[in-house]
Structures are given as structure tokens and as C-alpha cells.
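What follows is a set of notes on a single structure, which appears directly below.
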Amino acid sequence: MSFETFVDAIFALFNLETMIWVVAGVIIGIIVGGLPGLGPPLGMAIILPLTLPLNPADAIILLIGVYSGSMYGGSIAAILINTPGVSSSAATMFDGYPMSQQGRAGTALSISATASAFAGLFTITALLLFSPLLIEMVLAVGTPERFLVALLGLAMITVITRGSFAKGLLAGAAGLLVTTVGSAQPIALDRRYSEHLLLHDGIDFVAVLIGLFAIAEMMKLAGQEGGIAEGNVEINREGIMEGIRTTITRPVTVFKSGMIGMIVGAIPGAGATVSNFVAYSEAVRSSDEPDTFGSGNEIGVVASEASNNGTVAGSLVPAISFGIPGSSSTAVLIGGLLMHGLRPGASMFQADGELQLTYTILLALLVGNVIILGFGLAAVTRLGYLTKIDTDYIIPMVVVLSFLGTYALRINPVDIVTIIVFGVIGFYMVRYNYSVIAFVLGVVLGDIAEDNLYTSLQLSDGSYMIFINPFEYGRWISPILSLMIFALLFGPFIKRAVEGIRS
Amino acid sequence: MEHVLLLLFLVVGSYMFWEAREFSPAAAEFPRLMAGATAVLAFLILVRNYLKLMGPVVVAGLGLYWLYGGGTAYLEAGEGLFRTVVGAALLVAGVVFRKQVGESAESFVAEPMQVLGEEDVTGDVPTDEGDATEADEEESDSGAMYVYEIDDPRGPVVTGVLCVVYMLLTFSIGMLYASPIFVAMWAAWVRMNAGKAAALVGLSFVTAYAFYEFISSDIAEGWITGWEPTPPDELPILEEFLQVPVAELVTWSVVVV
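From first to last, the protein sequence lines are chains A and B. Residue 474 in our numbering sits at position 468 of the first sequence, with consecutive numbering throughout. Residue 49 in our numbering sits at position 33 of the second sequence, with consecutive numbering throughout.
Quick look at the structure:
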């Protein structure tokens, strides 16, 4: 770890303006996560265009604060009304809601705040300690490898997400295709599908993200009933201390679940939804009383909430290192990096590049987890109000913010058309099990992937063998990555075809 | 509707693949790859019920295309050997092992993959009706909701239509006044209580004004008409009526909100 850069990052973080954005981001995140029907990708997508006037560090810190805060916020609705505010709090429902029904809502909410904060604290610390090794790994990767890592991330997402394999690949390819409209920016080559000037700069990826995450979600929400509390949920303050004690006396569960979240979060496409269930399942498996889970066992809430905040640290690893989102939220985060002129990859880890910014972001997350603890515990008795807000009030305001934020970016009418078109496409993609995360990854990575492909082909005089032949080009990581991609995509089908031939 | 989505991908992919032939070779490489992949995959999913027949045809067709392209390049300039070999392999697979290719293609399109399991999950090829049911019953990978069920199909349609109307209003009169009109239409659709509707309309207007005042005043201009309705801070009637500068009033509203 570059100590001087780390110290500079501390000073950069602890100034009034930056700290205001840390606090604002976490609180907005808690609210966004607590309102059923929203969620961190949507909240971050709407805020994304609003960060344009900010400096890059404050903008990214605000977005990350929303991401981190929403992980805790999602537990509010899960515990109080048996509806997760975010999918990463789904497992919290299993024991959190029964606790609420037993009059222990305050305990459950304080467990959620404490477990979220502690797991977030130690996973970010682990990431900071691991960062020197991570820096070495990232700097060892060259241009052809960066292109292949982008493809590998896409391939992993298509394997991990539900729906058919072909659907995932189609979504990824379509997302990459979107970025080819307009002139090829990274390599300054003229390329226009239309002579219309409005399309000269291509389709804005922020508009695509807002369409997919905001408009599509609001269309879906408009067709659903429920999701709000019908009566008062009593939350007593006496349970708060009990919740804190419960979490502190279970350090193994917090540590194990946080690490599960971190490792799963680093897998592209997995995200907190998967880590939530994996950590909960592990808690059940390792318990002496597995039958008590599902009826108000506090350990269930500890495990699920520790894991989803641990995921935040894990998902940052592929996002900042290679520009591969570990989840929808980090896809928006990468969009934020690109919008502010930052490029995920080696430059984020170079002392003369953006290493200070990277450390500032991680330190901001550390501080954010402390804020989650403080705000979460202080506001426990008032958090129930979030669950009473009717979605009929949320939907039009989200649409208005989406339109305003998108249009204000470039005053380009194509952007308005974009958010509506991709809103409708996104709605039906989710409806028919097409991977939106793969599509988003394609949109976010398209320019980076093309730039690296183009440069790689320049190095090899147009030959694709640079990705496969280690002897001619002296690159051994590339063929290994190529093999991994091939095995991931086609291995099961080739195996089946060979078995069919043998039989 | 899934067929419409797939047709959209197929048509757009095919169009962009065709149009890319006019770009310079360097500029065309990536778009042709992605457009080709999009079109082929969309086609495979569209014909998934006939994949045992169409799968080998598509594979052989792709093989022939690469064999021709790679072979031509190899004969002319000594390049493209890899493409020639892959093309030949695909052609042979599509013709000689068409049964196995068809079954593999079917599983490629139809079956969900389990990454943590040891075996692939096999299932029947879903029909259109089955897909719709499956979409209703399965979890979505949306980040917002855990369970995805549509209770009122009119909701998404009306929301989409209102968004289009909002867009047209924006292009006509600018977003400053289009925003509260959109919210008013939404409130009318959901039969919102009049007081709450008025408050929501007011909130949307204040939000739009905040964007107008602090981010970009161009949002108040209709892109098609070029017309910019008088912003509230320049309405003399309002100033005279309220006896306070309207700009300050609205700015304080923004701060309070």
C-alpha cells in the first residue's frame, strides 16, 4: 500500500464538503432501500446525472454511500412488512418479519443496523489490507487481457443469472451493440448508422441505465399491488440494546457472513441477492438448532444483513479493477466513474493516477458504515414511516426525476426517447427472464471493450491469435482467459454432444 | 410480447450488421461482431421450438460463412487460417453430427444453467404460454423487487403511455410545465385524493424549477416548437398578487422541500 497516498486520501476524505456527501449518500440510500419498489440501482441511476456538477471524488462517494446505505435500508420493509425493499434483504424476511410479529421489531432493526455496519467495516478493512496484492494483479494485466476479462465477466453473468444461457448472451451482446451507435469515441473513428446529428455522439449510457432501472421498474411497480404497511407496526426502543448485544456476541456469524458476502460479491452478476441466501443457508447449516430458523431466530437476521453489506466491498473489486460490475448497483457506479472521466483499471491503482481517489472511496465506505450504525440505531422507532408511503406517490416522482436528470445532462431529445425505449425493453426483458445485468454490463463496458479490442488488434496487425497464441506474442494470461471463456460458454454443451455421440 | 422483443433484437442486429459494411474495417470490426451475435442469438431463441431442425442449419451456415471468408482471406493474403479451420469444423458438425448439434442447440437456448450444481438442469422446451407463466412464477433478476407478479396489466401500459405523453409535452412546451402536467395525469389515473394530488403536482413543479434554476434553464424550452413558456419568476401577475418576488418564493420552496 502506498502509505503517502493513503494518508493523502484520509485528508481528502475528512473535509466538510466530502463528509456532507458521505452522510447524504448513506441517508438517501437508507431511504431508497427502505421504500419498497425502489432499490440501490434505481436510486443510484437517478442520482447519477445530478452528480455532474460535483467533483469526481464527491460524486463517487455519494453514489457509494447510496449503495451502502440501501443495503441496510432494504431490511426495514423486510422486517416490518415482509416485503424486502431490495432483493438483497430477501433472506432477512425469513426471521426478521416473525420477530416483528412477536413484538421484537426494534431488536430486529437494531440487529440489522449493527450487523450491516460491523460486516461492512471489517470487509472494507480487509479490502484495504489486500489492496497492495490487488494492485499488483491489476497492473500485470495488459490490453488483450483487459478485453478478455470483460468478455469473461459477461460470460460469468450469463451463466450465473437465471433464464436460458442464450438469453443471457443475447442481452450482453445487445448491450455491447448499443455502444456502437455514434462515432467510435475511444479510437476516434467515424462510424454513423444515421446521418442525423443528434445520434452523432451515440446513445448516452446514463439514459440507458435510467431507462432500464428507473422507468422499467416504475412500469413494473405500476402493475403491482401491496408493498405498503396497512397498519401501525410497533417498534419499541428497549429492543435496540438487545439487538446490539445479540450482534456483538455473535462475532463468528458476522465475520463468516461478511466474508461470504465479500467473496460472492466479487463474482460478476452474483451480487447481494445471492450472498444473502448463501450466508443465511450457511447459518442454518452450522446452527445447533436449525429448526428454529424461519420463526424469529436472530442469527438469521445477523447472517443475511452482514452478508449484504459485505457484498459492497466484494463487488468493488472487479468494478474498480476491471470495470466489471459485480451487481446492477456497481454497474451504475462504473457508469459514474466513466461519466466523470475515470477509467476502471490500472489507472485507479497507480500512485500517479487515481490511487488516492480509490483509497478515498474505500475510506468513505468505512465512515459510511459508522453512519449506518449511528443513524440506523437512532432512527429505529421512526423507520416504519417509510413503509407507509404509497407507491402511487413514488412512481410519478421517480419518473419526473428520471426525465429531468436525463434531459438536463445534454439537452438532447434523443436521451428522452432513449429512457422510454429502454424502459419498455427493460420491462419486458425482466418479464421474460432476460438478464438486465448482462445488458447493463454490455452498455457500460462497450467502449472499454472496443478500445481494448482495437488496440490489441493494432498490436497484432489485425490477428486474433494475440488472444490465443502465447508463443507468438509472449502473453500467457490471454490464452488462459480465452480457454476459461470458451469452457464457461461451451463446455457443458460440448460435453453433452460428446456424450450423445458416444451413446 | 417476447416475440416482439426478439424480433426487435433480430431486426436491429441485422440492420446494424448490414450498415456496418460501409464503415472502415477498423470501425466495423466490433459492431459487426456484436450485431452478428445479437441477430444470430435472437434468431435461435425465436426458433427455439424448431431448433432440432434449425440448429444444425444455423451452425452449418455460420461455418460456411467463416470458411468462405477465412478461405478467401487466406488465399489472398495468407491470413484467416484460424477462421477457415473453425468454419470447416462448424460445417462438418452441422452436417455430420446434426442430431447432436440440434440437441445441444436446444439445451443452449432452452435450459437454465445451474452454476453451483453438478449437473445441468434439464427441462422441456418452453412454449410461448409456458414462458409467460414461467415469467410470472419465477423470481426476476431485478434489483428492486424479490417476487415479480403483475396484478394489473393496465398499470405498466398506462405508465408507458403517460411517459410518451410526457415526452411529447416536453418537446412542445418544455419540461418545466410538462412535469406537473404529467403528475396531474398520473394522479387522475390512480384516482388520487385531490389534496394529495395537488401537493404532488406542486412538488413536481418545485423539483422541475430546481433543475431549471440550478442546473439548466434549457429544460424549459420545447425542442420542437422552440417555445419557452414564461417561467414563474417572470410572471408579473403572480408577483403583483403575492406582493413578493416569485423567484425568491420558489427558491425558498425548493430549500424547504
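The C-beta atom is built at its ideal place from N, Cα and C for all residues, glycine as well.
Residue i (DSSP reduced to helix, strand or coil)
i	result
A:S93	helix
A:S170	strand
B:E287	With chain B running from 17 to 273 in the structure shown, residue 287 of chain B is simply not present.
A:F219	helix
A:R251	helix
A:N439	coil
A:V187	coil
B:S156	Unreliable positioning characterises B:S156 in this predicted model, as indicated by a pLDDT of 39, which lies under 50. A coordinate reading is not provided.
B:L67	helix
A:H346	coil
A:I491	helix
B:T246	coil
B:Q130	Below a pLDDT of 50, predicted positions are generally treated as unreliable, and B:Q130, at 39, falls in that range; the measurement from the model is reported next regardless. Note: B:Q130 maps to coil in three-state DSSP.
A:D14	helix
A:D294	coil
B:W239	coil
B:P169	coil
A:L115	helix
A:M162	helix
A:R508	helix
A:A503	helix
A:D421	helix
A:E231	coil
B:A151	Residue confidence for B:A151 is low, a pLDDT of 41 falling below 50, so the modelled location carries little weight and cannot support an answer.
B:M17	coil
B:T143	Note on B:T143: pLDDT 38, under 50, position unreliable in the model; no value is reported.
A:T366	helix
A:P324	helix
Residue of the options minimising C-alpha distance to residue i
i	options	result
A:F328	A:D294, A:S293, A:N458	A:N458
B:M70	B:E122, B:S30, B:I189, B:P172	B:E122
A:I34	A:V308, A:I378, A:A414, A:S116	A:I378
A:P419	B:L178, B:Y182, B:F230, B:S40	B:Y182
A:G302	A:L115, A:Q362, A:F445	A:L115
B:E237	B:F198, B:A109, B:F187, B:R37	B:F187
A:A312	A:I130, A:S106, A:I163	A:I130
B:A204	B:L185, B:E229, B:L178	B:L178
A:S335	A:L447, A:V427, A:V373, A:F153	A:L447
A:E10	A:L361, A:D64, A:I330	A:L361
A:R349	A:L140, A:R152, A:I163	A:R152
Within chain A, partners of residue i - CB distance below 7 Å
i	result
B:L91	Near B:L91 there are no residues of chain A at all, since even the closest Cβ is about 17 Å away, more than 7 Å.
B:I231	A414
B:S123	F499, R502
B:G29	L183
B:W239	P419
B:M208	D398
B:M50	A179, L182, L183, T186
B:T88	The contacting residues do not exist; B:T88 stays about 15 Å from chain A at best.
Whole-angstrom C-beta distance between residue j and residue i, which should lie under 8 Å
i	j	result
A:S118	A:V307	6 Å
A:G45	A:G316	Contact doesn't hold; Cβ gap of about 18 Å is too wide.
A:I36	A:Y78	6 Å
A:S95	A:S81	5 Å
A:D421	A:Y413	6 Å
B:P72	B:G110	4 Å
B:M208	A:D398	6 Å
A:G320	A:G380	Between A:G380 and A:G320 the Cβ distance is about 24 Å, and since that is not below 8 Å, they are no contact.
Chain A residues whose Cβ lies nearer than 9 Å to that of residue i
i	result
B:M32	L183, T186, V187, Y199
B:Y81	Correct list: empty, because the minimum Cβ distance to chain A is about 16 Å.
Residue i: contacting residues in chain A (beta-carbon distance under 8 Å)
i	result
B:L216	Y399, P402, M403
B:P245	What B:P245 touches in chain A: nothing, since even the nearest Cβ is about 16 Å away.
B:T223	M403, V406, L407, L410
B:Y182	V405, F409
Neighbour list for residue i in chain B, Cβ cutoff strictly below 7 Å
i	result
A:F6	Because chain A is modelled from 7 through 509, residue 6 of chain A falls outside the range shown and cannot be assessed.
A:L176	F25, T54, L57, A58, I61
A:A180	F25, T54
A:I454	Simply none; closest approach about 11 Å.
Amino acids of chain B, ordered along the chain, whose beta-carbon sits closer than 8 Å to that of residue i
i	result
A:M224	T175
A:M471	F98
A:V147	Those do not exist, as A:V147 stays about 20 Å from chain B at its closest Cβ, beyond 8 Å.
For the stretch 366-392 of chain A, list every residue whose C-beta sits within 7 Å of some C-beta in chain C, in sequence order.
Given the protein chain composition of this structure (A and B), no chain C is represented.
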